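Below is one structure, written out as structure tokens; the observations come after it.
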Amino acid sequence: MKLFRYLSALILFVSISGVGFAQVKLSKTEPASSLCTDYHKKACKFEKQDILFKYNSQSRDALFRPGQTSKLTFTATKGYDYRLTFAAEDKILQGGNISFKIYDARTKQPLFDSEEEGQAEFEFICDSSINLTIEISLSEASAEAKSKVLYGCVGFLLESRKTLDTGF
Amino acid sequence: MFRLISLLLVASLIILGGCGGSDQDSTNNMNDTLSSNQEDVVVEEFYQLPLPGEFFSSLRDLGVKSKPNLLNPTENIASYTTSAEKAVNFGVYSSDLFYCSTFNLKTDILKYFDNLKRLADDLGISSVVTQETITRIEKNLSNKDSLNNITTKVFYDASAALENSGQGSTLALVIAGGLTESIYLSTKLVSDYKDGSAAIQLIADQKFPMDNLFAYFGKFPDDANISQISGKIAPLQTVFNSLTETAKDTMASKDGRKIIGSETLIMMNAEDYKKIIDKAAFVRNSLISKSSN
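Protein chains in written order, with my numbering: chain A, 1 to 168; chain B, 1 to 293.
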């Protein structure tokens, strides 16, 4: 009987400790976005050299699963140039890539598809203000990869500048 | 029996050990705790709005000049007692600071930052305006770029802190206050209507962030504060939605870069602009005055 009590107390202690430990790391209600804060600032790099582009505050990060699709809508203002860069942690890409489509948020008219254009980044001139929706998708991981990795960070870096008048 | 106890102990230690370890990267350890709750984590649809500072910079670059006595008085903070009032006016005062730093107005900057600090403390995000922040401001009072950077960082950190602490609806209220104040200030700066004015067009184009704000509000259908504040701002959105639009020609590309824009241009005549001015003032005053909620 004494031994049974000891065993019960031990199991109870271990159970309580285990739950508490896990909750410190990530409670069920903790927003997923907090796990990727500022990932885009570290990971996104636009390949082409250019001048005057500045960080745009509409950039952001998100937590993704392999194969997941998510949408982000931002405002592009007339008279500005924009460039968009994406990055994802290797462990969720598993050799695949990030693909993205851009469309007019209001009319749903498609404006750019990274897979059709074969580009991993995108730049454009905005000639009249518009809300743009970006649909970001990650490649589906293999069954083996899926069993190892569930989540990782995806970053979206938006940079902008006043449209340049070129030439003499 | 002792074997059973030992086995249980070893099994428990293995389970606990699996939860430990140092963080290798931002998400390495999430797999341990999320694996059994995969369906609980939902990556949602996001709505982003430009910062008020970006809007003011565009106006300044178009030649718009600042005017005095437009800001929400700092002493009004005493009347903000509810969490919704504090969140909305955190956005309003942030927008006022962006205005000051963009147009290089030094008046009362420290008082406005102090208000942000007090509101941030009350909203549970005190880390976004520290004593170190105030010291940096004191040292950079004559440097508008530094002040703009500090204001941007405070606003950005506040947004991240609210979102990361599960206060997305509070963040929506902050953004609502910031957008309303920036539209109000712009209408005061550009008080006269001129046909074809780029500044007037920029103000008309605030319809786009307004649309995003209301889409963001839509993520909190059961939140009483969101319902109340969206109801207060709705008259301004209604005026923006009533503006006519006209089809425009668009070039496909320039300098090898794609040109993207709305298929239509928002048109605003003098009568429309008068409505925007009136509604912006009405809505803004309802947000900053006592008993606003």
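Here a beta-carbon is modelled for each residue, glycine too, at the ideal position from N, C-alpha and C.
Small disclaimer: the values here were computed from a predicted structure and weren't measured.
Please classify residue i: does DSSP put it in a helix, a strand, or coil?
{"i": "A:V154", "result": "strand"}
{"i": "B:F98", "result": "helix"}
{"i": "B:P209", "result": "helix"}
{"i": "B:L265", "result": "strand"}
{"i": "B:T238", "result": "helix"}
{"i": "A:R106", "result": "coil"}
{"i": "A:L132", "result": "strand"}
{"i": "A:R65", "result": "coil"}
{"i": "A:E115", "result": "helix"}
{"i": "A:C126", "result": "strand"}
{"i": "B:I125", "result": "coil"}
{"i": "A:I51", "result": "coil"}
{"i": "B:Y47", "result": "strand"}
{"i": "B:L155", "result": "Residue identity differs from the one stated: residue 155 of chain B is Phe in this sequence, not Leu. Here B:F155 sits in helix by DSSP."}
{"i": "B:E85", "result": "helix"}
{"i": "A:D81", "result": "strand"}
{"i": "B:N130", "result": "Residue 130 of chain B is actually Thr in this sequence, not Asn. If DSSP states are grouped into helix, strand and coil, B:T130 belongs with coil."}
{"i": "A:E89", "result": "coil"}
{"i": "A:K71", "result": "strand"}
{"i": "B:L141", "result": "coil"}
So is residue i in contact with chain B if we call contact Cβ pairs under 7 Å?
{"i": "A:L111", "result": "yes"}
{"i": "A:K45", "result": "no"}
{"i": "A:L157", "result": "no"}
{"i": "A:I130", "result": "yes"}
{"i": "A:F86", "result": "no"}
{"i": "A:E135", "result": "no"}
{"i": "A:S57", "result": "yes"}
{"i": "A:L72", "result": "yes"}
{"i": "A:E121", "result": "no"}
{"i": "A:I125", "result": "yes"}
Applying the criterion that 16 or more other CB atoms from any shown protein chain within 10 Å of the CB defines a buried residue, is residue i buried or exposed?
{"i": "B:Q131", "result": "exposed"}
{"i": "B:D211", "result": "buried"}
{"i": "B:I277", "result": "buried"}
{"i": "A:N131", "result": "buried"}
{"i": "A:D90", "result": "exposed"}
{"i": "B:K279", "result": "buried"}
{"i": "A:G155", "result": "buried"}
{"i": "B:S36", "result": "Summary for B:S36: the model assigns pLDDT 36, below 50, so the residue's position carries little reliability, and this model does not support an answer."}
{"i": "A:P66", "result": "buried"}
{"i": "B:M268", "result": "buried"}
{"i": "B:T238", "result": "exposed"}
Quick one: does residue i have its CB under 7 Å from some CB of chain A?
{"i": "B:S186", "result": "no"}
{"i": "B:F46", "result": "yes"}
{"i": "B:R257", "result": "yes"}
{"i": "B:L236", "result": "no"}
{"i": "B:Q24", "result": "Low confidence applies here, because B:Q24 scores a pLDDT of 35, under 50, leaving its location unreliable and the question unanswered by this model."}
{"i": "B:T68", "result": "Contrary to the premise, residue 68 of chain B reads as Pro rather than Thr in this sequence. With 7 Å as the cut-off, B:P68 does not count as an interface residue toward chain A."}
{"i": "B:F208", "result": "yes"}
{"i": "B:L265", "result": "yes"}
{"i": "B:K254", "result": "yes"}
{"i": "B:I276", "result": "no"}
{"i": "B:I260", "result": "yes"}
Taking the alpha carbon of residue i as the point to measure from, which residue in the options has its own alpha carbon closest?
{"i": "B:L236", "options": "B:D223, B:I260, B:E263 and B:S286", "result": "B:S286"}
{"i": "B:N89", "options": "B:G256, B:K194 and B:F155", "result": "B:F155"}
{"i": "A:F86", "options": "A:Q109, A:G67, A:E117 and A:A62", "result": "A:A62"}
{"i": "B:S230", "options": "B:N241, B:R257 and B:G218", "result": "B:G218"}
{"i": "A:E116", "options": "A:S128, A:G96, A:D127 and A:I102", "result": "A:I102"}
{"i": "A:R106", "options": "B:F208, B:K254 and B:K232", "result": "B:F208"}
{"i": "B:D205", "options": "B:D114, B:Y273 and B:G168", "result": "B:Y273"}
{"i": "B:F56", "options": "B:F98, B:N76 and B:E45", "result": "B:F98"}
{"i": "A:S139", "options": "A:V149, A:V154, A:F156 and A:G96", "result": "A:G96"}
{"i": "B:T107", "options": "B:D61, B:A224, B:G166 and B:N72", "result": "B:N72"}
{"i": "B:L185", "options": "B:A199, B:A172 and B:K194", "result": "B:A199"}
{"i": "A:A88", "options": "A:L52, A:D104 and A:C36", "result": "A:C36"}
Going along the chain, which residues of its own chain have a beta-carbon closer than 6 Å to the beta-carbon of residue i, five neighbours each way excluded?
{"i": "A:S137", "result": "T69 and S99"}
{"i": "A:D50", "result": "none"}
{"i": "B:L119", "result": "K86 and F90"}
{"i": "A:L72", "result": "I134"}
What does residue i reach in chain D if we use C-beta pairs closer than 7 Å?
{"i": "A:S142", "result": "Considering every chain present, this structure includes no chain D. Its protein chains are A and B."}
Flag residue i as yes when its Cβ comes closer than 6 Å to any non-hydrogen atom of the ligand COA, and as no otherwise.
{"i": "B:Q48", "result": "No copy of the ligand COA occurs in the structure displayed, which carries no ligand at all."}
So, for residue i: in the same chain, excluding its five sequence neighbours on each side, which residues have a beta-carbon less than 7 Å away from its beta-carbon?
{"i": "B:N104", "result": "K144"}
{"i": "A:N56", "result": "L158, E159 and S160"}
{"i": "A:K45", "result": "T85"}
{"i": "A:S59", "result": "H40, F156, L157 and L158"}
{"i": "B:E163", "result": "L171"}
{"i": "B:L213", "result": "L49, I175, A176 and L179"}
If you drop the 5 nearest sequence neighbours on each side, which residues of the same chain put their C-beta closer than 8 Å to that of residue i?
{"i": "A:C126", "result": "A76, T77, K78, G79, Y80, D81, Y82 and T163"}
{"i": "B:N140", "result": "S146, L147 and I150"}
{"i": "A:S129", "result": "T75, A76, T77 and K78"}
{"i": "B:Q38", "result": "Residue confidence is low: B:Q38 scores 45 on pLDDT, short of 50, so the model does not pin down where it sits. No coordinate-derived value is stated."}
{"i": "B:L243", "result": "A204, K207, I266, M267, M268 and D272"}
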